[in-house]
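Asker: The structure that follows is given in the form of structure tokens.
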Amino acid sequence: MGMFSSFMASTWVVASIVAVVAGVVGFFVVLRGAAFVADAVPQGAFTGAAAASLLGVSTLLGVAVAALVGALGIGWLGRRGRRDVATALALVVMLGLGALFLSFSSEYAPEIYSLLFGEVLGVSVTQIAPVAILGGLCVLATLALFRPLLLSSLMPELAEARGVRAGRMELVFLIVLALATSMTLPVTGALLIFSLMIGPPAAARSLTSRPLPAMLLSVLTALVVVWLSIAAAYQTNWPVGFFVGALGAVCYAVGRSWSAVRRRRPVPAGPVATALETGALAANVRL
Amino acid sequence: MSHLLQLIVEPGFFGSAPVRSALIAGGIVAVVSGIVGSFAVLRGQSYAGHALADISVAGGSASFLVGVSPLWGFAGVGVLAAGVMDMIGVQRPRGRDLATGIVRGAGLGLGALFLYWDTTHTSTTGATITILFGSMFTIPSSLIPVIALFSALALGLVLVLYRPLLLSSTAADLAAARGIRVRLVGVLCLVAIALTVSLSAMTIGAILSTALLIGPAATGLRLTSRPGLAMVWAALIGLAATWLGVLLAYDSFYWPPGRHGWPVSFFVVTLIFVFYLLSPRPVRRVPG
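Top to bottom, those sequences are chains A and B. Quick note, the working numbering runs 52 ahead of the 1-based positions in the first sequence. Quick note, the working numbering runs 707 ahead of the 1-based positions in the second sequence.
Below you can see the structure in the form of structure tokens.
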């Protein structure tokens with residue numbers, strides 16, 4: 053049975069959807085420097101899966117609720133104190149609850165393992181529809197809010213002046229992140245979505261500083277990474293999270309070396325370069 | 708069974724050897740985490756601390772393959788990862804979280820691979836749970852000297868570097884102007900953080916050790932704007948959460964759904980969070 057047999061068909065489809073969503077959402081994760089939040093929401097949301105198995109409701113529902121609670125919790129705590137501290141605390145509280153739910157339920161090591169690290173080879177056909185719907189919602193929301201989100205990520209002051217409230221955009225971003233998490237976590241695990249949201253977009257941002265091409269490039273890179281990872285996981289039987297993590301790091305390294313080579317520019321593809329460009333963009337955007 | 712039940716009553720708590728080990732090891736780790744964690748919070752390195760803890764999963768799971776105590780793996784890989792993070796530039800504020808995230812993704816991926824080998828190549832079925840959620844009650848008393856040694860190392864590092872570390876954490880430019888080697892101090896602090904989270908990975912688990920590192924320290928820094936005093940508070944809060952957590956976990960044997968107690972990590976994390984929420988919002992901003 054080859055890796056392109058019908059048994060594997062839904063795996064390829066689901067993983068490709070996940071890669072597209074990760075490429076789109078990850079672009080804003082990298083732009084906002086929100087790696088910690090993108091790390092915490094999926095990892096914390098695994099609690100929802102543990103709770104769902106305890107209560108006997110669908111994993112998707114559990115993860116969605118947990119992801120939303122986690123994301124809003126980060127937003128709420130972040131207003132009361134340091135942001136990174138807020139993220140860390142929200143994450144560990146979720147994980148602590150997860151430990152409790154796990155100890156109550158009869159499910160054990162293999163389930164936790166696949167939720168955290170990904171077990172992409174056993175995706176069933178019935179999982180395609182929810183992933184596709186939630187993923188589509190995620191991409192649509194991001195694209196609909198593309199310009200205000202971009203503006204408030206790069207130039208918060210200018211955005212405020214144009215009536216884009218930074219707090220509201222932060223909330224939107226957190227909700228999109230929670231949505232992306234809930235569609236992927238039950239299927240591919242927390243590690244996979246996080247690595248895909250960081251490595252490919254970071255590489256894309258080093259290659260081009262124009263927003264739309266960078267986002268497209270980030271989606272393409274994420275697709276290639278996920279396809280290679282599945283093929284490698286299929287051949288070796290090793291966890292797919294390992295390959296995605298390693299390839300994500302390779303992407304990042306390539307991006308870094310590329311911008312190091314291109315030192316002729318005064319600011320090598322940093323946020324400032326894009327900010328200048330977006331400034332021009334913002335000048336003729338009606339928000 | 709009735710023998711076990713009798714142990715639950717008050718005197719049994721202090722008489723039980725696992726509880727004693729948990730109280731000693733957990734206490735040491737809590738104090739070190741509070742003090743070292745204060746620097747992590749002051750330097751805005753919560754994410755680095757969390758990432759180091761996640762990455763140390765690779766070490767913990769590798770030690771199951773080799774057959775040594777996970778502590779060695781946690782610490783070894785943690786210190787190694789601290790070096791890698793410094794190399795790719797976590798000391799610069801811009802893009803720092805991104806670089807941290809990349810190392811964390813790759814490191815945890817490696818951890819996933821080792822855990823997979825743990826379950827397929829050896830017969831250690833509990834490895835995943837032990838590594839991720841800790842093993843407070845199963846710490847062998849023979850390991851306590853090693854824990855104490857690592858704690859002394861981490862604590863020694865930050866106490867020897869106390870003044871330069873504090874200055875370069877709160878005013879890096881000023882520190883550099885005074886001839887402090889900010890980067891060297893930074894990487895040594897990262898090593899101390901790595902050692903600390905590897906210790907708390909043993910007690911409350913690798914993915915929860917961020918709680919002991921960040922929670923009490925953040926609470927301490929809210930209570931006072933004097934860093935030294937904040938560290939004392941952090942150590943005390945961590946200690947209180949750990950010891951109360953052990954006690955509650957011990958008592959929870961009777962609680963629903965029965966058969967076994969609630970996980971001690973849950974209590975420790977929840978208590979830390981409650982302490983943080985109860986602490987007043989600082990009127991004056993803490994330097995940093």
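Every residue gets a Cβ at the ideal spot worked out from N, C-alpha and C, and that includes glycine. Predicted, not measured: the structure shown is a model, and the values here were computed from it.
#1: Only counting the same chain, and skipping five residues up and downstream in sequence, which positions put a Cβ closer than 7 Å to that of Leu259 (chain A)?
#2: Which residues bound the alpha helix (DSSP H) around Tyr957 (chain B)?
#3: Please name the residues in the segment 65 to 91 of chain A whose beta-carbon is closer than 7 Å to at least one beta-carbon of chain B, in chain order.
#4: Between Phe720 (chain B) and Leu954 (chain B), how many whole angstroms is the CB-CB distance? I'm expecting something under 8 Å.
#5: Answer yes or no: does any C-beta atom of chain A fall closer than 8 Å to that of Ser776 (chain B)?
#6: In chain B, what lies closer than 9 Å to Trp290 (chain A) by C-beta?
#7: Residue range of the alpha helix (DSSP H) that Gln287 (chain A) falls in?
#8: Taking C-beta to C-beta, are Ala948 (chain B) and Ile914 (chain B) nearer than 8 Å?
#9: Residues of chain A with CB closer than 7 Å to the CB of Thr845 (chain B), please, in chain order.
#10: Taking only beta-carbon positions, decide if Ile838 (chain B) is within less than 8 Å of chain A.
#11: For Pro238 (chain A), which residues from the same chain have a beta carbon less than 7 Å from its beta carbon, with the 5 sequence-adjacent residues on both sides left out?
#12: Are Leu762 (chain B) and Gly814 (chain B) closer than 8 Å when you measure CB to CB?
#13: Taking all protein chains shown into account, decide if Gln126 (chain A) is buried (16 or more other Cβ within 10 angstroms of its Cβ) or exposed.
#14: Sort B:Ile735, B:Tyr869, B:Phe771, B:Leu772 by Cα distance to Ser745 (chain B) and report the nearest one.
#15: Let me make sure I understand the geometry here. Which of B:Pro871, B:Asp825, B:Arg811, B:Phe857 has the alpha-carbon closest to that of Ala87 (chain A)?
#16: Taking the beta carbon of Tyr983 (chain B) as the centre, do at least 16 other beta carbons fall within 10 Å, making it buried, or is it exposed?
#17: To be precise: take each residue of the segment 750 to 763 of chain B, compare its Cβ to all Cβ atoms of chain A, and keep it if any distance is under 7 Å. Which residues remain?
#18: Mind checking which residues open and close the alpha helix (DSSP H) that includes Thr95 (chain A)?
#19: Taking the alpha carbon of Ala942 (chain B) as the reference point, which residue from B:Ser932, B:Thr835, B:Thr926 has its own alpha carbon closest?
#20: List the residues of chain A whose Cβ lies closer than 9 Å to the Cβ of Pro970 (chain B), in chain order.
#21: Among A:Phe225, A:Arg257, A:Leu244, A:Ala92, which residue has its Cα nearest to the Cα of Leu173 (chain A)?
#22: Please state the DSSP three-state secondary structure of Leu787 (chain B).
#23: Is there at least one Cβ from chain A nearer than 8 Å to Tyr983 (chain B)'s Cβ?
Answerer: So, to answer that:
#1: As a first step, residue 259 (chain A) must be located in the first sequence, where it is residue number 207. Answer for Leu259 (chain A): Leu269, Gly307, Trp310, listed in chain order.
#2: Sequence index remark: in the second sequence, residue 957 (chain B) carries index 250 (1-based). Counting along the chain, the alpha helix (DSSP H) containing Tyr957 (chain B) begins and ends at 934 to 958.
#3: Shown in chain order are the members of the segment 65 to 91 of chain A whose Cβ falls below 7 Å from a Cβ of chain B: Val82, Gly85, Ala87, Phe88, Asp91.
#4: Counting from one through the second sequence, the residue named residue 720 (chain B) turns up at place 13. Counting from one through the second sequence, the residue named residue 954 (chain B) turns up at place 247. Yes, Phe720 (chain B) and Leu954 (chain B) are in contact; Cβ-Cβ is about 7 Å, under 8 Å.
#5: Walking along the second sequence from the start, residue 776 (chain B) turns up at place 69. Chain A, which has no Cβ nearer than 8 Å to the Cβ of Ser776 (chain B), makes this no.
#6: Counted from its first residue, the first sequence places residue 290 (chain A) at position 238. Within chain B, the residues placing a beta-carbon under 9 Å from that of Trp290 (chain A) are Ala819, Leu820, Tyr823, Trp824, ordered along the chain.
#7: Along the first sequence, read from residue 1 onward, the residue named residue 287 (chain A) stands at position 235. Per DSSP, the continuous alpha helix (DSSP H) segment holding Gln287 (chain A) begins and ends at 263 to 288.
#8: The residue you call residue 948 (chain B) lines up with position 241 of the second sequence. The residue you call residue 914 (chain B) lines up with position 207 of the second sequence. One thing to note: Ala948 (chain B) has its Cβ no nearer than 8 Å to the Cβ of Ile914 (chain B).
#9: Walking along the second sequence from the start, residue 845 (chain B) turns up at place 138. Neighbours of Thr845 (chain B) in chain A, taken as residues whose beta carbon is under 7 Å from its own, are absent, since the nearest beta carbon is some 15 Å off.
#10: Sequence index remark: in the second sequence, residue 838 (chain B) carries index 131 (1-based). Answer no: the Cβ-Cβ gap between Ile838 (chain B) and chain A never drops below 8 Å.
#11: Here the question's residue 238 (chain A) lines up with position 186 in the first sequence. Residues Ala101, Thr111, Leu112, Val115 of the same chain have their beta carbon placed closer than 7 Å to that of Pro238 (chain A), with the five preceding and five following residues left out of the count.
#12: Along the second sequence, read from residue 1 onward, the residue named residue 762 (chain B) stands at position 55. Along the second sequence, read from residue 1 onward, the residue named residue 814 (chain B) stands at position 107. Per the sequence shown, the amino acid found at residue 762 (chain B) is Ile instead of Leu. Going by C-beta atoms, Ile762 (chain B) is nearer than 8 Å to Gly814 (chain B).
#13: Locating residue 126 (chain A) in the first sequence gives position 74, where the first residue counts as 1. First, the amino acid is wrong: residue 126 (chain A) is Ile here, not Gln. Result: buried.
#14: Mapped onto the second sequence, residue 745 (chain B) falls at position 38. Checked all of B:Ile735, B:Tyr869, B:Phe771, B:Leu772; the closest Cα to Ser745 (chain B) is B:Tyr869.
#15: The residue given as residue 87 (chain A) occupies position 35 in the first sequence. The shortest CA-to-CA distance from Ala87 (chain A) to any of B:Pro871, B:Asp825, B:Arg811, B:Phe857 is the one to B:Arg811.
#16: Translated into positions along the second sequence, residue 983 (chain B) becomes position 276. Label assigned to Tyr983 (chain B): buried.
#17: So the close ones are Gly751, Ser753, Tyr754, His757.
#18: If you number the first sequence from 1, residue 95 (chain A) lands on position 43. Strictly speaking, residue 95 (chain A) in this sequence is Gln, with Thr absent from that position. It spans 87 to 107 - the alpha helix (DSSP H) in which Gln95 (chain A) sits, taken as one unbroken run.
#19: On the second sequence, residue 942 (chain B) is found 235 positions in, with the first residue counted as 1. With distances taken between Cα atoms, Ala942 (chain B) lies closest to B:Thr926.
#20: For the purposes of this step, residue 970 (chain B) is taken as residue 263 along the second sequence, with counting starting at 1. Going along chain A in sequence order, the residues near Pro970 (chain B) (Cβ under 9 Å) are Gly148, Ala151, Leu152, Leu154, Ser155.
#21: In the first sequence, the residue the question calls residue 173 (chain A) occupies position 121. From the listed residues A:Phe225, A:Arg257, A:Leu244, A:Ala92, the smallest Cα separation to Leu173 (chain A) is found for A:Leu244.
#22: By 1-based counting over the second sequence, the position of residue 787 (chain B) is 80. Leu787 (chain B) falls in the helix class under three-state DSSP.
#23: Here residue 983 (chain B) is taken as the residue at index 276 of the second sequence, counted from 1. It does; some Cβ of chain A falls within 8 Å.
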